[in-house]
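Asks:
Number of protein chains: 4
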Amino acid sequence: MPEIGARVWVVPGGHVPFPSNGREPDLTSFDQLCVLNATDTDAALSLDLYYCDAEPVGPYRITVAARRIRHVRINDLIDPEAVVLDRPYGCLLRSTVPVVAQFLRQDTRLPGVVALTGTMAYPAPG
Amino acid sequence: MPEIGARVWVVPGGHVPFPSNGREPDLTSFDQLCVLNATDTDAALSLDLYYCDAEPVGPYRITVAARRIRHVRINDLIDPEAVVLDRPYGCLLRSTVPVVAQFLRQDTRLPGVVALTGTMAYPAPG
Amino acid sequence: MPEIGARVWVVPGGHVPFPSNGREPDLTSFDQLCVLNATDTDAALSLDLYYCDAEPVGPYRITVAARRIRHVRINDLIDPEAVVLDRPYGCLLRSTVPVVAQFLRQDTRLPGVVALTGTMAYPAPG
Amino acid sequence: MPEIGARVWVVPGGHVPFPSNGREPDLTSFDQLCVLNATDTDAALSLDLYYCDAEPVGPYRITVAARRIRHVRINDLIDPEAVVLDRPYGCLLRSTVPVVAQFLRQDTRLPGVVALTGTMAYPAPG
Numbered sequence: 006m007p008e009i010g011a012r013v014w015v016v017p018g019g020h021v022p023f024p025s026n027g028r029e030p031d032l033t034s035f036d037q038l039c040v041l042n043a044t045d046t047d048a049a050l051s052l053d054l055y056y057c058d059a060e061p062v063g064p065y066r067i068t069v070a071a072r073r074i075r076h077v078r079i080n081d082l083i084d085p086e087a088v089v090l091d092r093p094y095g096c097l098l099r100s101t102v103p104v105v106a107q108f109l110r111q112d113t114r115l116p117g118v119v120a121l122t123g124t125m126a127y128p129a130p131g
Numbered sequence: 006m007p008e009i010g011a012r013v014w015v016v017p018g019g020h021v022p023f024p025s026n027g028r029e030p031d032l033t034s035f036d037q038l039c040v041l042n043a044t045d046t047d048a049a050l051s052l053d054l055y056y057c058d059a060e061p062v063g064p065y066r067i068t069v070a071a072r073r074i075r076h077v078r079i080n081d082l083i084d085p086e087a088v089v090l091d092r093p094y095g096c097l098l099r100s101t102v103p104v105v106a107q108f109l110r111q112d113t114r115l116p117g118v119v120a121l122t123g124t125m126a127y128p129a130p131g
Numbered sequence: 006m007p008e009i010g011a012r013v014w015v016v017p018g019g020h021v022p023f024p025s026n027g028r029e030p031d032l033t034s035f036d037q038l039c040v041l042n043a044t045d046t047d048a049a050l051s052l053d054l055y056y057c058d059a060e061p062v063g064p065y066r067i068t069v070a071a072r073r074i075r076h077v078r079i080n081d082l083i084d085p086e087a088v089v090l091d092r093p094y095g096c097l098l099r100s101t102v103p104v105v106a107q108f109l110r111q112d113t114r115l116p117g118v119v120a121l122t123g124t125m126a127y128p129a130p131g
Numbered sequence: 006m007p008e009i010g011a012r013v014w015v016v017p018g019g020h021v022p023f024p025s026n027g028r029e030p031d032l033t034s035f036d037q038l039c040v041l042n043a044t045d046t047d048a049a050l051s052l053d054l055y056y057c058d059a060e061p062v063g064p065y066r067i068t069v070a071a072r073r074i075r076h077v078r079i080n081d082l083i084d085p086e087a088v089v090l091d092r093p094y095g096c097l098l099r100s101t102v103p104v105v106a107q108f109l110r111q112d113t114r115l116p117g118v119v120a121l122t123g124t125m126a127y128p129a130p131g
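Residue numbers (my numbering), protein chains in the order written: chain G, 6 to 131; chain D, 6 to 131; chain R, 6 to 131; chain W, 6 to 131.
(1) Looking only at its own chain, which residues have a Cβ that is under 7 Å from the Cβ of residue 103 of chain G, when we skip the five neighbours before and after it?
(2) Can you check the segment 29-103 of chain D for any beta strand (DSSP E) of at least 3 residues that lies completely inside it and give the ranges in chain order?
(3) In three-state DSSP terms, what is residue 22 of chain D?
(4) Assuming residue 25 of chain R and residue 113 of chain R form a contact by the criterion Cβ under 8 Å, report the distance between their Cβ atoms to the nearest whole angstrom.
(5) Is it the case that the Cβ atoms of residue 79 of chain W and residue 37 of chain W are separated by a distance below 8 Å?
(6) Leaving aside the five residues before and after residue 107 of chain W along the sequence, list all residues of the same chain whose C-beta is less than 7 Å from its C-beta, in chain order.
(7) Can you find a C-beta in chain W that's less than 8 Å from the C-beta of residue 113 of chain D?
(8) Measuring straight from C-alpha to C-alpha, what distance separates residue 64 of chain W and residue 46 of chain D?
(9) Using the Cα positions of residue 29 of chain G and residue 62 of chain D, report the straight-line distance between them to the nearest angstrom.
(10) Taking the beta strand (DSSP E) that residue 129 of chain D belongs to, which residues open and close that run?
(11) Starting from residue 67 of chain G, find everything on chain D with Cβ-Cβ shorter than 9 Å and list it in chain order.
(12) Note down, in chain order, each residue of its chain lying with its Cβ closer than 6 Å to the Cβ of residue 33 of chain R, except the 5 sequence neighbours on either side.
(13) So, residue 56 of chain D versus residue 73 of chain G, is the Cβ gap smaller than 8 Å?
(14) Anything in the segment 37-55 of chain G with a Cβ closer than 7 Å to a Cβ of chain W? List those residues in chain order, please.
(15) For residue 122 of chain R, does the three-state DSSP call read helix, strand or coil?
(16) Please decide whether residue 77 of chain D counts as near chain R, where near means a Cβ-Cβ distance under 8 Å.
(17) Thinking C-beta only, is residue 121 of chain G closer than 8 Å to residue 121 of chain D?
(18) To which residues does DSSP link residue 110 of chain R through a beta bridge?
(19) Please compile the residues from chain R whose C-beta is within a distance smaller than 8 Å of the C-beta of residue 121 of chain W.
(20) If we cut at 8 Å on Cβ distances, does residue 12 of chain W have a partner in chain R?
(21) Counting only beta-carbon separations shorter than 8 Å, does residue 72 of chain W have a partner in chain R?
(22) Below 8 Å CB to CB, which residues in the same chain sit around residue 129 of chain W once its five sequence neighbours on both sides are set aside?
(23) Go ahead and pull the three-state DSSP assignment for residue 116 of chain G.
(24) Compile a chain-ordered list of the residues in the segment 96-110 of chain D whose CB is closer than 7 Å to at least one CB of chain R.
(25) Quick check on the burial criterion: 16 or more other C-beta atoms within 10 angstroms. Buried or exposed for residue 18 of chain G?
(26) Would residue 96 of chain R and residue 58 of chain R qualify as a contact pair, given that the criterion is a beta-carbon distance under 8 Å?
(27) Which chain D residues are close to residue 124 of chain G, counting only those with a beta carbon under 7 Å from its beta carbon?
(28) Residues of chain G with CB closer than 9 Å to the CB of residue 117 of chain W, please, in chain order.
(29) Rounded to whole angstroms, what is the Cα-Cα separation between residue 4 of chain G and residue 41 of chain W?
(30) Counting only C-beta atoms, is residue 85 of chain D closer than 8 Å to chain G at any point?
(31) Considering only C-alpha positions, which residue in the set W:20, W:31, W:23, W:21 is nearest to residue 20 of chain G?
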């Protein structure tokens with residue numbers, strides 16, 4: 006299968022909603038990166054988080070196996086540093102092979118209501 | 006009319022919400038692919054679904070006639086294999102002619118509430 | 006000011022929600038095209054609507070003046086033919102000068118709830 | 006770090022929802038631009054707002070420091086002119102260095118409900 010996608014992806018508008026209402030983990034508020042690796046080679050991802058008031062933190066290391074997807078909740082990342090809820094951030098994803106990346110937010114701050122938003126991430130050459 | 010679009014489209018962030026609340030089929034939770042074929046030739050689509058823990062499944066075969074659109078609910082796909090609800094997936098669409106593809110999710114897991122999210126799919130050369 | 010944008014834009018996933026709840030027109034369910042013309046020349050737009058079961062309908066003609074935006078509700082279009090609510094469609098926009106186009110849906114089918122979704126439209130050469 | 010992004014970004018579909026319900030500022034209705042500057046140079050942003058019935062207003066000046074993000078609520082902009090709520094607009098962002106820009110709307114017009122929508126902005130050469 007041919008290589009499909011890009012090696013660098015950017016999401017400027019991160020912000021894990023806080024608090025959550027409803028059954029965990031289905032209805033927990035989250036920001037999520039969804040990555041598809043259509044190649045026949047495992048993808049080693051390196052994720053850097055950018056902030057408005059501090060130097061970038063990373064790399065967070067994630068593997069997406071060949072011919073697999075992976076949906077990663079940003080609020081589950083803990084190494085090198087747990088991601089603080091309700092703090093604005095952006096992220097830059099680098100991959101050893103071309104992948105495709107999408108961003109999704111689930112917001113359950115209000116009881117009995119779920120809000121969703123998302124967008125394809127921005128692919129950069131590199 | 007000139008050819009408009011691409012022959013390969015990717016959506017990494019699939020996940021059909023479960024359960025649903027409200028009248029079927031309008032308010033059923035769904036993931037949907039929306040495809041527009043502006044050419045004068047029928048488009049034969051081939052859809053492969055990618056998972057986090059298993060080899061890709063496909064091809065699902067879909068036709069979009071010349072100068073037509075088609076909105077396909079992922080949860081209605083059954084051949085070669087019914088799509089499991091509440092299971093993360095991604096998809097890769099190939100078309101015999103250039104088309105344009107958009108992704109839409111409707112989430113009615115909570116009674117009396119509808120949430121929507123969507124994005125243009127990612128167009129790849131190929 | 007330099008020309009910014011493209012002359013052809015595509016949205017495959019149209020579907021005006023029906024019915025609506027709440028005060029008109031703020032809370033009416035709608036699909037909307039939002040167009041920005043950054044050039045110093047008026048843009049003459051020509052919009053064709055595509056369906057799953059009939060030939061395309063159009064052109065709907067819309068003007069966006071130089072250095073202006075215009076947000077057009079699809080459900081307000083009546084010439085050459087009123088757009089039927091709750092019917093899937095896609096659309097193809099052509100402009101005489103480069104513009105930028107975005108799609109937005111507001112869904113108020115359920116009382117007391119508003120859902121939103123949107124995406125940048127797909128820009129095509131042409 | 007290599008330069009990532011573009012120097013011009015466009016969002017045609019602005020419209021700050023009005024009114025708001027819920028605790029300020031978390032649940033205030035807003036339109037937001039989220040910008041990531043991955044370069045090692047501060048980015049001087051110049052934002053022009055376009056309207057359907059008046060000449061563009063700007064520039065609004067915003068700085069995004071090197072290796073930082075900034076999430077700017079459009080409804081917080083006051084110089085050269087406060088942005089009117091519930092008025093359609095579009096915006097054009099110029100940056101002295103490449104950045105990545107995303108658009109997000111939060112709509113709390115209805116009590117007890119939050120709706121979200123967003124999209125990556127449209128990157129233009131320039």
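For glycine and all other residues, C-beta sits at the position ideal for the given N, C-alpha and C.
Replies: Taking the coordinates as given:
(1) 8, 9, 10, 11, 12, 44
(2) Here the runs fully enclosed are 35-42, 48-55, 62-69, 73-78.
(3) coil
(4) That belief holds up - the Cβ atoms of residue 25 of chain R and residue 113 of chain R are roughly 5 Å apart, short of 8 Å.
(5) In this structure, the beta-carbon distance from residue 79 of chain W to residue 37 of chain W falls below 8 Å.
(6) 39, 123, 125, 126
(7) no
(8) Across the structure, residue 64 of chain W and residue 46 of chain D are spaced so that their CA atoms are roughly 47 Å apart.
(9) Distance between the alpha carbons of residue 29 of chain G and residue 62 of chain D is about 29 Å.
(10) 127-129
(11) Those do not exist, as residue 67 of chain G stays about 12 Å from chain D at its closest Cβ, beyond 9 Å.
(12) 25
(13) yes
(14) The residues in question are 55.
(15) strand
(16) Judged by the 8 Å Cβ criterion, residue 77 of chain D is not in contact with chain R.
(17) For residue 121 of chain D and residue 121 of chain G, yes; Cβs fall inside 8 Å.
(18) R:36, R:122
(19) Under the 8 Å cutoff, chain R gives 121.
(20) no
(21) Answer no: the Cβ-Cβ gap between residue 72 of chain W and chain R never drops below 8 Å.
(22) Only 11, 13, 14, 15 meet the Cβ criterion.
(23) coil
(24) 105, 106, 107, 109
(25) buried
(26) Pairing residue 96 of chain R with residue 58 of chain R gives a Cβ-Cβ distance that is not under 8 Å.
(27) 124
(28) 115, 116, 117, 118
(29) Here chain G comprises residues numbered 6 to 131, so residue 4 of chain G is not present and cannot be evaluated.
(30) no
(31) W:31
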